[in-house]
Structure formats: C-alpha cells, structure tokens
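Protein chains in written order, with this note's numbering: chain A, 326 to 669; chain B, 10 to 476.
Don't be surprised by glycine CBs; every beta carbon is placed ideally from N, CA and C.
Here the structure is a predicted model, which means the values were calculated and not measured.
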Amino acid sequence: MDTFLGLDYATWWFLVVGATFTGYAILDGFDLGAGAIHLFFNKEQSRRIVLNAIGPVWDGNEVWLVIGGGALFAGFPKVYAAVFSAFYIPFMLFLTALIFRAISIEFRSKEPMLWWRKWWDISYCVSSSLVALSLGLVLGNILIGIPIDKAGNFTGSAWSFLNVYSIMVSITTLALFMMHGAIYLVMKTEDRLYAKLTVIVKNATIFFVISALLLSFYTLLYVPHLSHRIKENPWLFFVPVTMVFSIANIARRISQRRYKRAFLHSCLVISLLLIIVAVELYPNLVLSSNDEAYNLTVQNASSSNKSLGIMLTVAAIGVPLVAIYTTFVFWTFKGKVKLDEMSY
Amino acid sequence: MDVEILARIQFAFTIAFHYIYPPLSIGLGLCMVIMEGAYLKTKLKLYEDMTKFFTKIFALIFGIGVATGIVMEFEFGTNWATYSKYVGDVFGSALAAEGIFAFALESGFLGVLLFGWKRVSPVVHFISTVMVTLGSMFSAIWIVVANSWQQTPAGYHVVGEGLEARAEITDFWAMVFNPSSVERIMHVWLGAFLAGSFLVISIASYYLLKKKHIEFAQKAFGVGLVVALVSAYAQLFSGHKAADVVAEYQPAKLAAMEGHFDSSAAADMYLFGWVDKEKEKTNGIAIPGGLSFLTHGDFKAPVTGLKAFKPEDRPQSLNIVFQSYHIMIAIGMFLIALTTFGAYMWWKKKLFDKRWLLLIFTWSVLLPQIANQVGWFTAETGRQPWVVYGLLRTSEALSQAVTAEQVWFSLILFTFVYTVLFALFVFLLNRKIQHGPAYAGQEEDEIHSPRLEEMAENFGRERAEPL
Chain A
326 MDTFLGLDYA
336 TWWFLVVGAT
346 FTGYAILDGF
356 DLGAGAIHLF
366 FNKEQSRRIV
376 LNAIGPVWDG
386 NEVWLVIGGG
396 ALFAGFPKVY
406 AAVFSAFYIP
416 FMLFLTALIF
426 RAISIEFRSK
436 EPMLWWRKWW
446 DISYCVSSSL
456 VALSLGLVLG
466 NILIGIPIDK
476 AGNFTGSAWS
486 FLNVYSIMVS
496 ITTLALFMMH
506 GAIYLVMKTE
516 DRLYAKLTVI
526 VKNATIFFVI
536 SALLLSFYTL
546 LYVPHLSHRI
556 KENPWLFFVP
566 VTMVFSIANI
576 ARRISQRRYK
586 RAFLHSCLVI
596 SLLLIIVAVE
606 LYPNLVLSSN
616 DEAYNLTVQN
626 ASSSNKSLGI
636 MLTVAAIGVP
646 LVAIYTTFVF
656 WTFKGKVKLD
666 EMSY
Chain B
10 MDVEILARIQ
20 FAFTIAFHYI
30 YPPLSIGLGL
40 CMVIMEGAYL
50 KTKLKLYEDM
60 TKFFTKIFAL
70 IFGIGVATGI
80 VMEFEFGTNW
90 ATYSKYVGDV
100 FGSALAAEGI
110 FAFALESGFL
120 GVLLFGWKRV
130 SPVVHFISTV
140 MVTLGSMFSA
150 IWIVVANSWQ
160 QTPAGYHVVG
170 EGLEARAEIT
180 DFWAMVFNPS
190 SVERIMHVWL
200 GAFLAGSFLV
210 ISIASYYLLK
220 KKHIEFAQKA
230 FGVGLVVALV
240 SAYAQLFSGH
250 KAADVVAEYQ
260 PAKLAAMEGH
270 FDSSAAADMY
280 LFGWVDKEKE
290 KTNGIAIPGG
300 LSFLTHGDFK
310 APVTGLKAFK
320 PEDRPQSLNI
330 VFQSYHIMIA
340 IGMFLIALTT
350 FGAYMWWKKK
360 LFDKRWLLLI
370 FTWSVLLPQI
380 ANQVGWFTAE
390 TGRQPWVVYG
400 LLRTSEALSQ
410 AVTAEQVWFS
420 LILFTFVYTV
430 LFALFVFLLN
440 RKIQHGPAYA
450 GQEEDEIHSP
460 RLEEMAENFG
470 RERAEPL
C-alpha cells in the first residue's frame, strides 16, 4: 500500500473527492440558491441583475460537479457504478433539472416577450430548487445506507429513495443554498434590490436554522451511526461546536450588514457539514443496508494504487491552476453588478 | 425491447445530440480567435463587432453543449455500471484530466469571454478567447483518448474474472498514446474546425444573399473559408491515417466499413453499395482492389474479411457501418471540392456575385455536421459487439440494477427534453442571425429596446409589493 504523508492513496483520493464536492456545494450552491429565490423578485430589472450576478461564474461553478463525478468514477468506480445505477430515476430527473437550469439562464433574456421571460423565470426557479433537492435526496440516502448486494448492485425498489430522512436532508440542503445564495446576491446588489434582499437573507437564514435543528435532532435520535465516530472520539466534538458558532456568526454578521463576513461563514458551514459527513462515513463510502460486509469502503472500492498515483499527480498539477484562474475570474467580476449590452 | 438495446439507443441518442455542439464550439472558437486577433492587429471596429456577434452565437452553442454533456458523464454510471467498474481504473484518469485541465479552463474563461469586454483589456480578453478555445480542444483530447482506449486498449492489465473483472492501468502514457488516439484526435479536431467554419460561412452567405451587412459578411466569409479550406484538405490525410490504424488494429471494423467478406481476396473500395448480410456479399460500384491498395499499396493484396471472424464477433449492423462510412467519405470529398472552388472564385473576386454558390454555402453548414455524426456511427457501430475492443462485450457492460421500464422512462424524457431544446436552439440561432451584428451608432441591443424598457417599467406593477 503506497502512502503519502502517512495516508494511503485511496484516503487521499477520498479527500480529493470530498474537497471537490465541497467546492461544488460552495460555488454552485449560491447559484442554485439564487435560482431558488428568483421568483421573490418582482421587477424585470431586479431579475436581470440577480441573474447577471451569477452570470459570468455559474458555468465554471457547475464544472466542479463534472470534476467531482469524474473524480468519483476515476477513484472509486464501484461507488460510482453502485450509486448512479441505484438512483436511476432521481439522477435522470436531476440531469433534466440541470439542463433546464442552464438553458433558463441562457435563454431567458434572449427574447423580450413577457410570457417568454416569465416562463424561463419559473423554469429557472423550479429547476434550481429541484437540483438542490435531488442532491440532498441522494446525500440523505447515502447517509442512512442503501440496499446493495455483494457485487455492489442495488436490490431495493425503484422508489425507496423517498424516505423521511432523505427528504429532511433534501429540504435542509435547499434551505442552506437559499441562505447561501441570498447572502451572495446581497453582496452583489445595491439600492432597493439590496434592501429587499436584506429581508430575504433574514428569512432564508431562519429557514435554514430551523431545518438544520430538526435534522440534527432526527439524526441524533434515529440515525445513531452518524454520530458514532464523534461519540467515540470526544476531541472531534470541536467540529460541530465550530459549526454552531459559524451559524451564529452568519446571523450576527447579517444583523451587522457585513455580508462578506456572513458569506465566508456560510461557506464555512457548508464545508463543516460535509466534513462531519466525511468523518462519520470514513472509511465507508456507501453503507449497505443489507449487510455491513457489503459496505463499499475507501479500500475495497478504490482503483489501483498506480491509477490513484497518476490521478493525484494530475490533481496536484491541475488544482493550483484551476484555483489561479478561478480567482482571476471572480476578481474580474468583483463588486456590484452593472448591466451592459452583453449581459443576460 | 430489452434493456441492452434501450440503453444503447439512449446512449446513441444523447451522445449524437450532444455532439452537434462541441465541434461547433471548437471550430467557432478557432474562428473567433482569428477574428479577435485581426481586431487586435488592425483595430478595426468591424472585427470587434464580428467577434462580439459570433461570441453571442458561441454562448448559445456552448450552453447547450455543457447542459447535454453532463448527461453523458452520468450515463456511464446510471446505464453502464458494469462497464464503469471495468474501465474506471483506466478511463477515470483521462476523465479526471479532462475535467481539471479542459472543462475548468474553458468554463472559467468563458465568463470573461462573454461578459468581460468592459472589465479587462483587449489583450486579456483575447487571451480568454484563446483559453476557451484551447480548453474545448483539450476536452476533445481527453475524451477521444478514452474512446480510443476502448478501440485499441493499451497500457493495462485485466484483474479478476467474470462480473468482477476489471482493467487496471499499468502505463499511463501507453494508455494516453494508445495506437489510435493521436490519429483520431486529429480527425476529430479537423471535423470540428469544419463544423465551426462552415457555420461562419453559412451565416455570411445568408447575409450576402439577403444583401445585408455586406462588408461584415465578406470579411467573415474569408475567415471561415480559410479555416474550412485548410481543414478539408488536412482531413483527407488525417482520415487516411485513421483508416490505416483501423486496418491494423480493428480488421473486423475495416471489413465492415467496406463490406469485405473473403480474406483470401483483394478488397474493393466502394463508391456506394449495399451489404447483403445473408449472402455475405456486397453489391455496388467499386474500384477493384481499392482497399487493398490503400492498406497495402498493392491492388492484389488480400485483406482480412468478415468471414475470418466468428459471427458473434462481427459487427451486427453491417449496413449502418458501411453506409455511414461512405456518406462520411462522400461529404469529405464534396467539401474539398466546394472549398477549393470557393477559394478559386474568391481569388478571382467573383465569389460574392454567384448567388447559386452562396446558396450552396448557406446550406453546406449541415454537411460537416452529418459527416461528424456518421463518422462516429462508423467508429462506434464498427466496434460492436465490443464496448472495449476484444475485452468487454456491450451486452455484458450494462447496469444490473436497472430495468427496461426505467430506461423507457428516461429515453422518453430525453427525447422530449432534447426535442424542445433543439427547437429552441434553432429558433434562437435564427433570431441572433436575423438580428445581425451591432454597428457603431446602432449599439442598441434587443435587450435595451425602448419597447422592453417600457415593459420593464410595468413588469412588477400588478404585484402588491413593488420592491
């Protein structure tokens, strides 16, 4: 087993996949959140401004999902195969929603007709919400475990993905993204739209806090395996503590109208939530609800060390490059949104 | 219908639809680099308007390309789980490299290309255009590498047996430079250049026919024609090289492409024909010994025929392979003739007076598209019954957990969504073309039309809360 800095390659790749999906949740999270609250804006001008707030970056953000999917396929092909074929219908709906999200942004402002714009506004809002909800649904199912057999094939029924826990995770994901997106938008807007967004931010934050509280209680009471590791290793308790403080800080910064700080804390909350997921699942990637022996783990589902070594090299070269030009793009479009003739 | 055929139809349909767009992005990107380069050099407003005009079309194409591309990545896992497990170790590193080196590059800089005109200097904007184009070309590299590995596997070994069997990588560079990848990347790039440049040519010809934006159209036509002419000739050589690789590594595919059955005989090269699968012979007009000459340099040399392979190891749809291949060749030859004649008329300064020629150029945008599609049909149906040539059969690559009903559901869903998408694409593309490029003094975009401003004023009026 090859190791690097004391961790085997498969664990490193687990961290890479985790970091990529976290990056996706943070980046596309605000796009999806902005989409989910889109219909709260009533004026044409406002809708265009909030659309153009994510305009130059949403496509780059979505690429993190492509990279995440590729990273999973590459490093843990068994997990990729098991999860994607198990949730066939949700993934197909997810893909459809993703297509509609993309074309709604792209098509909306290309025609002046009122019905055209209203239709794409609705399509944009619904598809963004559906993407967030279905991501949460899949995450929820992975957290409680899915019925897979020895070969990693799904044995459950086609609709078993709809269960209470997954729906709760799903709604919390939507709430989290709505809050995250609203904070992003309030940073990018001014005047009356800004004033309106300050109200939306507060409401979205309340929505998130309530759903996060309910989800936490439900998890602690009914899904004990998700708090096992922190229970066994009390020093890890600092992770949930930090998260609670971060959520509190979001509220504090919002009331101070310091939205950049609030946004940073919102990013931190997303990261910490996924870190808790990683801490509790590791070394498992998919829990089999049929038999613990069928769990797909970082070791038994990973690609060969040779392959992982190559991909870690690719990631080591590629990630700094991506970081540099992503920063460049965000820096180029920093500040409040100004519409011009090339805008959406 | 069983899961296998449904899953194959769905994959073929979704990838064929997707493949309308990436070649256009690559080819149009290259043309935009030339246009913006010309703007930087000459500082002529015309070239700036030209770049901006095609950027808007590019955005439309790129948007649909990305939206339909994610479907492809996910479909490996949803419909072809056994395949994913088999190839993940090998295929994965190419896909990971594609995501991180190519997609991130093009999508990152796309924002600057589309919305950065006023925010960055002209040189930085030009660099962004170059980066987006390079990114889209890189993504072609990695996806063709992965596909070529399926055609001519190299740099791997197989571990495990039966459903547990999987290929593991042993040599990354041998996998990347597998016997067919370089030739096929060139072939795909050139096909993409043709697709993009003919879109430019087609739009320019349309304006010339309508006597609109004359100066703009003539200049744009020139850019498109130069790219198309060079690509059309280069494609002749690249296509020949790609066929050589098929001859060496995939003899059954080559035999199917020319409908050649008898291994002891010289192989003909058909201009057109029909493969009779029952009688194991091909009827049509052919150059006797043509294929023998192309592969061995000798009109009489025998070429391995389909009879050398067990029936279960031959491609099943012989006529799809044969006809697709011949349509591609015919279009390739026609494009060489058309671009050569066009260039000659351009040089003689008669090109823009010949209405019939402009009419052909307007419709010729469809030809590289068809050639690209049928070229892939040849490559992929010719590879059957294998999904990984000689290693994994398509019938064994499916998801075990997915049922025919589920695939029916998604197939109908995609058919519906893609039909809508295509209709919208054609509608919006037409609107963009009708609207034409912006000129100095006519900067007003449709978005800023007075009618719209007025509408925008009244937009939220019916609501109670005006904010």
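Neighbours of A/P402 across chain B, judged by C-beta separation under 7 Å: S93, K94, G97, D98, G101. Chain-order list of chain B residues neighbouring A/N478: Q409, A410, by C-beta distance under 7 Å. B/G86 has its alpha-carbon roughly 21 Å from the corresponding atom of B/Y427. If you check each beta-carbon in the segment 328 to 343 of chain A against every beta-carbon of chain B, none falls closer than 8 Å.
With fewer than 16 other Cβ atoms from the protein chains shown falling within 10 Å of its own Cβ, A/P645 counts as exposed. The DSSP-derived three-state label of B/W283 is strand. Taking a contact to require three or more Cβ pairs closer than 8 Å, the segment 318 to 326 of chain B and the segment 393 to 402 of chain B qualify as touching.
Scanning its chain for C-beta atoms nearer than 6 Å, with the 5 sequence neighbours on each side dropped, one finds around B/V42 the residues T138, V139, T142, in chain order. Remark: three or more beta-carbon pairs, one from each stretch, lie closer than 8 Å, so the segment 616 to 636 of chain A and the segment 338 to 350 of chain A are flagged as touching. C-alpha of A/R554 to C-alpha of A/S434: approximately 50 Å in a straight line. Measuring C-alpha to C-alpha distances from B/S247 to each of B/V197, B/G97, B/E177, B/T304 identifies B/V197 as the nearest. By the neighbour-count criterion, in which a residue is buried when 16 or more other Cβ atoms sit within 10 angstroms of its Cβ, B/P377 is buried. As computed with DSSP, B/T291 is found in a beta bridge with B/V284. Against chain B, the CB of A/D384 has a partner CB under 8 Å away; the residue lies at that interface. Inclusion of A/A396 and A/T345 in the CB contact set at 8 Å is warranted, their separation being smaller than that value.
Rounded to whole angstroms, the Cβ separation of A/S571 and A/H550 is 25 Å, and the two are not in contact under 8 Å. Taking all protein chains in view, the Cβ of A/I535 is surrounded by fewer than 16 other Cβ atoms within 10 Å, so the residue is classified as exposed.
Of all residues in the segment 107 to 130 of chain B, the ones placed with a Cβ closer than 8 Å to any Cβ belonging to chain A are E107, G108, I109, F110, F112, A113, L114, S116, G117, F118, L119, G120, V121, L123, F124, G125, W126, K127, R128, V129, in chain order. Scanning its chain for C-beta atoms nearer than 6 Å, with the 5 sequence neighbours on each side dropped, one finds around A/S613 the residues I473, Y619, N620, in chain order. For the pair A/E387 and B/G72, the CB atoms are not nearer than the 8 Å cut-off.
Taking a beta-carbon distance threshold of 8 Å, A/L551 does not count as an interface residue toward chain B. Looking at the backbone, the Cα of A/F653 and that of B/V133 are separated by about 11 Å.
The three-state secondary structure of B/F270, taken from DSSP, is coil. Counting the other Cβ atoms within 10 Å of the Cβ of B/V435 gives fewer than 16, which makes it exposed. Contact annotation: B/V209 and B/A229 have beta-carbon atoms nearer than 8 Å. None of the residues of the segment 23 to 45 of chain B has a beta carbon lying less than 7 Å from any beta carbon of chain A. For the segment 62 to 85 of chain B, the set of positions with a beta-carbon nearer than 9 Å to some beta-carbon of chain A reads T64, K65, A68, L69, F71, G72, I73, V75, A76, T77, G78, I79, V80, E82, F83, E84, F85 in chain order.
The C-beta of A/G358 has 16 or more other C-beta atoms within 10 Å across all chains shown, which makes the residue buried. The alpha carbon of B/L245 has as its nearest neighbour, out of B/S273, B/F181, B/I35, B/I338, the alpha carbon of B/I338. Of all residues in the segment 400 to 424 of chain A, only G400, F401, P402, K403, Y405, A406, A407, V408, F409, S410, A411, F412, Y413, I414, F416, M417, L418, F419, L420, T421, L423, I424 come within less than 9 Å of chain B when Cβ atoms are compared, listed by chain position.
Listed along chain B are V121, G125, R128, V129, each with a C-beta nearer than 7 Å to that of A/T657. By the Cβ-count criterion, B/S148 is buried, with 16 or more other Cβ atoms from all chains shown falling within 10 Å of its own Cβ. Considering only A/D384, A/I374, A/F401, the residue with the shortest C-alpha distance to A/V611 is A/F401.
Only residues of its own chain outside the window of five on either side were considered, and among them Y48 have a CB closer than 6 Å to the CB of B/E57, listed in chain order. The beta carbon of A/I428 falls within 8 Å of a beta carbon belonging to chain B, placing the residue at that interface. Taking CB atoms only, A/D665 has a neighbour in chain B less than 8 Å away.
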